[in-house]
Amino acid sequence: MTEPKPAPPGGRTGQRLTGAQAIVKTLEALGVEVVFGIPGGAILPTYDPLYASKIRHILVRHEQGAGHAATGYAASSGRVGVCLATSGPGATNLITALADANIDSVPVLAITGQVSAQAIGTDAFQEADIVGATMPLTKHSFLVKRADEIGPAIWAAYHIARSGRPGPVLVDITKSAQTEPTEWRWPVKMELPGYKPVTKPHSKQVKQAAEGLRQAQRPVILAGGGIIRAGDRARADLARLVNRSGAPVVVSLMGVGSLPDAHPANLGMGGMHGSVPAVAALQGADLVLAVGSRFDDRLTGDLASFAPRAKLIHADIDPAEIGKNLAVEIPIVGDAANVLAELAELAADWPAKPDYKRWWEYLNGLREAYPPGYDQPSDGRLAPQFAIERLSALAPKDAIFVAGVGQHQMWAQQFLDISDGRQLLNSGGLGTMGYAVPAAMGARVAHPGRQVWAVDGDGCFQMTGHELVTCALNGIPLKVALINNSSLGMVRQWQTLFYGERYSNTDLQTGDDSAMIPDFVKLADAYGCVGLRCADADQVDRVIEQAMAVADRPALIDFQVSRDAQVWPMIAGGAPNDTIQYARGLAPVFEPDKFAQGS
Numbered sequence: 012m013t014e015p016k017p018a019p020p021g022g023r024t025g026q027r028l029t030g031a032q033a034i035v036k037t038l039e040a041l042g043v044e045v046v047f048g049i050p051g052g053a054i055l056p057t058y059d060p061l062y063a064s065k066i067r068h069i070l071v072r073h074e075q076g077a078g079h080a081a082t083g084y085a086a087s088s089g090r091v092g093v094c095l096a097t098s099g100p101g102a103t104n105l106i107t108a109l110a111d112a113n114i115d116s117v118p119v120l121a122i123t124g125q126v127s128a129q130a131i132g133t134d135a136f137q138e139a140d141i142v143g144a145t146m147p148l149t150k151h152s153f154l155v156k157r158a159d160e161i162g163p164a165i166w167a168a169y170h171i172a173r174s175g176r177p178g179p180v181l182v183d184i185t186k187s188a189q190t191e192p193t194e195w196r197w198p199v200k201m202e203l204p205g206y207k208p209v210t211k212p213h214s215k216q217v218k219q220a221a222e223g224l225r226q227a228q229r230p231v232i233l234a235g236g237g238i239i240r241a242g243d244r245a246r247a248d249l250a251r252l253v254n255r256s257g258a259p260v261v262v263s264l265m266g267v268g269s270l271p272d273a274h275p276a277n278l279g280m281g282g283m284h285g286s287v288p289a290v291a292a293l294q295g296a297d298l299v300l301a302v303g304s305r306f307d308d309r310l311t312g313d314l315a316s317f318a319p320r321a322k323l324i325h326a327d328i329d330p331a332e333i334g335k336n337l338a339v340e341i342p343i344v345g346d347a348a349n350v351l352a353e354l355a356e357l358a359a360d361w362p363a364k365p366d367y368k369r370w371w372e373y374l375n376g377l378r379e380a381y382p383p384g385y386d387q388p389s390d391g392r393l394a395p396q397f398a399i400e401r402l403s404a405l406a407p408k409d410a411i412f413v414a415g416v417g418q419h420q421m422w423a424q425q426f427l428d429i430s431d432g433r434q435l436l437n438s439g440g441l442g443t444m445g446y447a448v449p450a451a452m453g454a455r456v457a458h459p460g461r462q463v464w465a466v467d468g469d470g471c472f473q474m475t476g477h478e479l480v481t482c483a484l485n486g487i488p489l490k491v492a493l494i495n496n497s498s499l500g501m502v503r504q505w506q507t508l509f510y511g512e513r514y515s516n517t518d519l520q521t522g523d524d525s526a527m528i529p530d531f532v533k534l535a536d537a538y539g540c541v542g543l544r545c546a547d548a549d550q551v552d553r554v555i556e557q558a559m560a561v562a563d564r565p566a567l568i569d570f571q572v573s574r575d576a577q578v579w580p581m582i583a584g585g586a587p588n589d590t591i592q593y594a595r596g597l598a599p600v601f602e603p604d605k606f607a608q609g610s
């Protein structure tokens, strides 16, 4: 981690400033270019010097939108996303976004105002213990009561957010600290005793992992989101390792893009809605080399039956993740970029490429038998998978896609062609409905020259879709592909499969042509955007091209799709991965023992 350059912007060290001015100066010195937020009483002193700052402030419509926008900015760019909020409800409205960034390891700096120091604990107007509330949901939280602490606290928070395992850090600053004078210096002295992330792995363990991969007969490299957080070098070294070893790769949801979808070794996503070959590979493997993956329940299913034949090697920058869910034979603590670089170098020195021929024959047989696909809806309505498939074909190759949560999220993973590690953004661990539109806004701000699509559902969109107003007013022309099945689709799918088609409170009534509430096309127009509607397969390409031609404002397509479309393959929650079903009613689609027995 490099220290920021010591030359402060626009002046000498030792300047006499207010605490609020020190906040803005420190952000400028850190190279922050944009913040997302909403002013309020306890943060108002900071908004005054922000008025004259070169930092761009984007006024969102809800603090949750500010948090998700900062997350989308960070996840798509690798830089720290920054958001601002006032005390009390302003700060508590950030909590969902901070929890989301925390579990998905996204570097976010949240600065909140707090009541004056002398009023803390008196139940003052808009007082809330946001440090206490967020401590379990962030990487760290600071409470700043004195102006002299502002510079060191913000710099420490910025450093913590982006170093080691990235994550959100909150700095709560009292109003009295913002208004009192201080002497601002740069660079500040940062003391973080006990915070020393291990980034360089132990070479002996890496050598053992490489030798295990070379000796295995049925290996799998499990690529997690940690590879993407580690940057382009990690993805390049993953490709080097894969090309040299010939081992198959399975990605987690957050690891999509760590190896291009089109790479012949990429079997696709594992887990609950993963591809059949990917799930089969993990279940039949004799070695799993996991890099930057948490082994979460959506990937593993029933832990006791996950990868039962495999020797597990787990590399992660967070030592707390290793052994947390599964016993590991070779633990490796270190940054994914460093781990993969060493593995790739060791593999380059192998005398010959390992022979995985029979393993690949088995996996390619599954690829042929169970390819990605979908049935045309029996009700004659548009297939949602087709709309997403055509979006992938027509959008620019460098387009960024930001998925909401639910069925459309899984279809996006299945039918978008992803070639870059920061090209598909997801709310993975928390599964936050309402993530897509504000996160797409943040991604579009970070990449003004690239097309950004929010692939959202009608349920998710109604939680945070008002941020399209923010986009329209700030010249952020993102696109929204609204997969409108008039339902809370994933919940409805579970009700179909496990609750006897008792559809309790999942009908949103957004897709009935006679009574669409709301009418998303009219709503888009009211938000200052271009609204389009598509209900026929033969119109999909034309409407997508219309949306892409809109350059001066956001554009939304209301894709009217079948509510009975379902996500396949599927493993029931908590069930063994051996029970994966390719389509409703089918029995398990593979028998991993067959390969192990040599048949």
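Be aware that the sequence shown starts at 12, since it is given in this note's numbering, and climbs by one per residue.
Ideal Cβ positions, reconstructed from N, Cα and C, are used throughout, including at glycine.
Item	Value
Counting Cβ pairs closer than 8 angstroms, one from the stretch 403-414 and one from the stretch 61-72, do we hit at least three?	no
What separation, rounded to the nearest whole angstrom, lies between the Cα atoms of residue 158 and residue 198?	16 angstroms
Based on Cα-Cα distance, which residue from 42, 109, 203 and 257 lies nearest to residue 363?	257
Please name the residue in 254, 125, 136 and 350 whose C-alpha comes closest to that of residue 142.	125
Residues in the same chain with beta-carbon distance under 8 angstroms from residue 25, minus the five sequence neighbours each way, listed in chain order, please.	194, 195 and 196
With DSSP as the reference, please indicate the residues paired to residue 194 in a beta bridge.	27
Using the C-alpha atoms, what's the distance from residue 530 back to residue 391?	21 angstroms
Out of 344, 184, 298 and 135, which has the shortest C-alpha to C-alpha gap to residue 209?	344
Can you check whether the CB of residue 568 is closer than 9 angstroms to the CB of residue 492?	yes
Taking a contact to mean a Cβ-Cβ separation below 9 angstroms, would you say residue 249 touches residue 270 in this structure?	yes
Given a cut-off of 9 angstroms, decide if residue 259 and residue 232 are closer than it, judged by their beta-carbon atoms.	yes
Classify residue 503 as buried or exposed, calling it buried when 16 or more other Cβ atoms lie within 10 Å of its own Cβ.	buried
Leaving aside the five residues before and after residue 14 along the sequence, list all residues of the same chain whose C-beta is less than 7 angstroms from its C-beta, in chain order.	Note that residue 14 scores a pLDDT of 43, beneath 50, so its modelled location is shaky; the value from the coordinates is reported in the next line. Once the five neighbours on either side are set aside, the close Cβ partners of residue 14 are 198.
Could you give the DSSP three-state label for residue 184: helix, strand or coil?	strand
With a threshold of 16 other CB atoms inside 10 Å of the CB of residue 580, please say whether the residue is buried or exposed.	buried
Would a C-beta distance cut-off of 9 angstroms place residue 401 and residue 591 closer than the cut-off?	no
So, helix, strand or coil for residue 16, using DSSP?	Only weak support exists for where residue 16 lies, its pLDDT of 47 falling under 50; the value from the coordinates is given anyway. Of the three classes helix, strand and coil, the one that applies to residue 16 here is coil, per DSSP.
Any beta carbon from chain B within less than 9 angstroms of residue 41's own beta carbon?	Of the chains in the structure shown, none is chain B; there is only one protein chain.
Residues bridged to residue 280 by DSSP?	262
Could you compute how far the alpha carbon of residue 69 sits from the alpha carbon of residue 480?	11 angstroms
Count the other CB atoms within 10 Å of the CB of residue 510; is the residue buried (16 or more) or exposed (fewer)?	exposed
Answer with buried or exposed for residue 133, where buried requires no fewer than 16 other C-beta atoms within 10 angstroms of its C-beta.	exposed
Only counting runs of 3 or more residues, tell me where the beta strand (DSSP E) segments fall wholly within the stretch 33-65, in order along the chain.	45-48
For my contact list, residue 358 and residue 328 are in at a C-beta cut-off of 8 angstroms; report their separation, rounded to the angstrom.	Incorrect: roughly 21 angstroms between the Cβ atoms, too far for contact.
Can you round the beta-carbon distance between residue 518 and residue 498 to whole angstroms, since I take them to be within the 8 angstroms contact cut?	6 angstroms
If you drop the 5 nearest sequence neighbours on each side, which residues of the same chain put their C-beta closer than 7 angstroms to that of residue 139?	98, 99, 102 and 103
Taking residue 92 as part of the beta strand (DSSP E), name the residues at either end of that continuous run.	92-96
Compare the beta carbon distance of residue 279 and residue 289 with 9 angstroms and say whether it is the shorter of the two.	yes
Counting C-beta neighbours from all protein chains within 10 Å, is the total for residue 136 16 or more, i.e. buried, or is it exposed?	exposed
Roughly how many angstroms separate the alpha carbons of residue 241 and residue 527, rounded to a whole number?	44 angstroms
Identify whether residue 270 lies in helix, strand or coil by the three-state DSSP scheme.	coil
State the DSSP-derived secondary structure class of residue 162, mapped to helix, strand or coil.	helix
Roughly how many angstroms lie between the CA atoms of residue 575 and residue 293, to the nearest whole one?	30 angstroms
Which residues in the same chain as residue 443 place their Cβ atom closer than 7 angstroms to its Cβ, once the five residues preceding and following it in sequence are excluded?	107, 111 and 416
By the three-class DSSP mapping on this structure, what secondary structure does residue 545 have?	strand
What is the C-beta distance between residue 427 and residue 403, in whole angstroms, given that I count them as a contact (C-beta under 8 angstroms)?	5 angstroms
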